[in-house]
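So the sequence shown is numbered by the numbering used here: it starts at 85 and just counts up by one.
Take a look at the structure below.
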Amino acid sequence: MVNIVFGLLFLLAAGQSINFFSLKQDIEIGSESATEAEQSLSLVANATVPHRYVNGIGRRVAQNRTLPALNYRFRIINSKDINSAGFPGGAIYIHRGLLEIASTEDEIAAILAHEVSHVASRHGTAQLSRQLLVQAPIAIAAGLPASQVWRDEITKLGIAVGMDAPFLRYSRDQELEAGLMAVRLLAEAQYDPNAFRTLLEKIGEIQTGDVSRAPAFVFNHPQSQTMTPEIAERIEQLATLLTRQSRADTEFRTFRSALLKLPITSVDAAPTRPRQRDEGSDLSTAVLPNVFTDPMDYYRLGYPTGWQITRTGAPHGAIIAPADGVQSSRNGDNLNHGVMFDLFDISVPDKSLTLEQATNRLIVYLRQRNPSLRVVPGAQTQTLVSDEPGLRTVLIGNPDASSEPEVTWVVTRLYYQSLFYMVFVAPADEFPIYQSVFEQMIRSARLR
Ligand SMILES: [Zn+2]
């Protein structure tokens with residue numbers, strides 16, 4: 085069984101896409117999650133002009149015989165957020181803020197085609213499979229998730245459903261696949277595929293250097309800095325096939341003015357960003373009674389009883405681990421299970437790095453120290469670190485061939501001219517034992 089687990093983990097590291105779920109389970113998981121999400125959402129009523137307009141475009145895009153037979157349905161969320169979400173099985177939600185930046189019917193179609201493509205490609209349950217594999221490899225090898233137990237397993241692991249669900253955040257590979265499919269769907273429904281490009285450009289312009297103000301869309305749909313050449317090329321090819329005359333925009337203008345007139349009914353405390361769990365701090369003090377304080381008091385971190393602090397020589401860094409978690413060798417201290425944390429200098433003249441760029445830089449540095457480390461494709465999720473956007477990147481490594489593979493979580497957050505990071509390490513077969521402690525430690529981190 086254990087070999088199956090490692091085999092699957094390495095398949096993931098090699099970039100293979102795995103989906104443990106059936107199409108029927110996509111429908112089941114998606115409808116249950118969407119129902120839960122709707123409880124905290126303010127939806128634009130079905131009888132309104134904006135809903136009917138968006139729904140009409142969505143149906144036209146999804147009426148494509150190459151798509152799996154799912155119930156594609158479209159709702160507008162009455163929130164100024166720039167975001168959209170497609171649940172497995174076909175429930176698609178577009179935030180009003182995203183619709184408001186579209187300036188043509190084609191761009192609205194581009195948003196919808198993009199979400200339809202994620203749903204049709206079953207990217208959500210592929211992401212969920214990855215997460216289950218990282219968080220519950222033993223359970224997966226034992227044959228989970230079967231149809232009735234997936235929910236129990238997800239709940240037990242603390243994986244969020246609803247608008248915080250990990251399956252609403254995609255990998256770059258999935259974005260490329262969804263982009264290619266979206267431009268095809270657009271062209272086949274006689275919409276201008278170039279609208280996909282212009283829409284992404286508008287979202288990119290809104291995304292300023294300030295990562296904490298970036299549209300949620302960018303976290304959920306990580307795009308390359310520039311339009312992927314494959315997609316740009318496909319747009320060129322498809323645009324030549326377009327036969328229709330340019331669309332009369334009267335309908336679009338009617339839609340837009342109705343949309344702008346809708347009163348905002350939701351509190352803009354976006355439910356799309358992961359919420360800080362209210363009980364987090366209490367829980368942390370209960371389970372993590374000790375607090376590590378940085379010498380300059382830049383940050384504090386809770387840790388469990390019995391774990392020991394090893395200073396690494398760096399002014400802000402340390403290792404905290406159980407007594408047997410660190411082994412000393414000639415090359416320094418090796419962490420087998422526990423956490424290593426520090427501030428990583430990312431100051432670059434005349435340039436500010438995004439969280440993602442800074443994280444990549446850190447990962448390059450970590451891989452220099454341990455070349456066997458590999459990023460698990462798609463296993464990078466947004467997380468909150470001390471109330472600000474952070475990233476959790478999953479890596480696996482096998483530092484010496486004879487030993488067990490190790491699972492590593494790299495959790496990062498920008499902090500002035502540096503990157504605050506925590507590297508959590510445990511052998512793959514023991515990872516589930518440490519996971520909840522690691523998660524509590526992430527929640528306990530407080531940056532000044
Ligand atoms: Zn996307």
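Glycine residues also receive a C-beta, built at the ideal position from the N, C-alpha and C atoms.
DSSP three-state assignment for residue i, whether helix, strand or coil
i: V410; result: strand
i: M424; result: strand
i: I526; result: helix
i: V245; result: coil
i: A316; result: helix
i: R384; result: strand
i: G481; result: strand
i: L468; result: strand
i: H198; result: helix
i: D276; result: coil
i: W234; result: helix
i: T377; result: strand
i: T533; result: It is not possible to answer for residue 533, since the shown part of the chain is limited to 85 through 532.
i: H207; result: helix
i: I430; result: coil
i: I403; result: strand
i: M265; result: helix
i: D333; result: coil
i: P489; result: coil
i: I393; result: strand
i: R451; result: helix
i: F104; result: coil
i: Y177; result: strand
i: R214; result: helix
i: A442; result: helix
i: Y505; result: strand
i: R58; result: Past the boundaries of the shown model lies residue 58; the chain is included only from 85 to 532, so the question cannot be answered.
i: L283; result: helix
i: A512; result: coil
i: P250; result: helix
i: A398; result: coil
i: A271; result: helix
i: R532; result: coil
i: A186; result: coil
i: L372; result: coil
Pairwise C-alpha distance: residue j and residue i
i: Q360; j: T465; result: Confidence in Q360 is poor, its pLDDT being 38 and thus under 50, which makes the residue's placement unreliable; the coordinate value appears in the next sentence. If I take the Cα positions, the gap works out to 15 Å.
i: G142; j: L196; result: 6 Å
i: A121; j: D248; result: 8 Å
i: K108; j: R318; result: 31 Å
i: P388; j: A169; result: 37 Å
i: P299; j: V410; result: 40 Å
i: L270; j: A262; result: 12 Å
i: L42; j: T312; result: Within the shown structure, residues of the chain are numbered from 85 to 532, placing residue 42 beyond reach of any answer.
i: K286; j: N278; result: 13 Å
i: R268; j: S124; result: 34 Å
i: E514; j: R395; result: 25 Å
i: T188; j: E320; result: 19 Å
i: E112; j: F303; result: 25 Å
i: S487; j: A266; result: 44 Å
i: G462; j: I348; result: 34 Å
i: R256; j: N374; result: 38 Å
i: P473; j: R214; result: 22 Å
i: L325; j: S436; result: 42 Å
i: V451; j: T477; result: Here residue 451 is Arg; the residue named in the question, Val, does not match the sequence. Their backbone Cα atoms lie some 13 Å apart in a straight line.
i: V469; j: R527; result: 7 Å
i: E490; j: P455; result: 13 Å
Pair within 8 Å by beta-carbon distance, residue i and residue j
i: G208; j: G114; result: yes
i: T467; j: I480; result: no
i: H421; j: P516; result: no
i: I178; j: V138; result: yes
i: L385; j: M525; result: yes
i: L151; j: A204; result: yes
i: Y254; j: V200; result: no
i: V494; j: V507; result: yes
i: D276; j: D190; result: yes
i: V128; j: N103; result: no
i: V509; j: L419; result: yes
i: T443; j: L503; result: yes
i: V133; j: A193; result: no
i: P250; j: L212; result: yes
i: V460; j: V218; result: yes
i: F376; j: I403; result: no
i: W391; j: P379; result: no
i: Y518; j: F425; result: no
beta-carbon residue i near ligand 2 non-hydrogen atom, thresh 7 Å
i: T396; result: Looking at this structure, you won't find ligand 2 anywhere; what it does contain is ligand 1.
* Every unbroken alpha helix (DSSP H) inside the region 108-169 [4 residues or more] -> 133-146
* Give me every residue whose Cβ sits closer than 6 Å to any heavy atom of ligand 1, in chain order. => H198, H202, Y254, E259, A262 and H305
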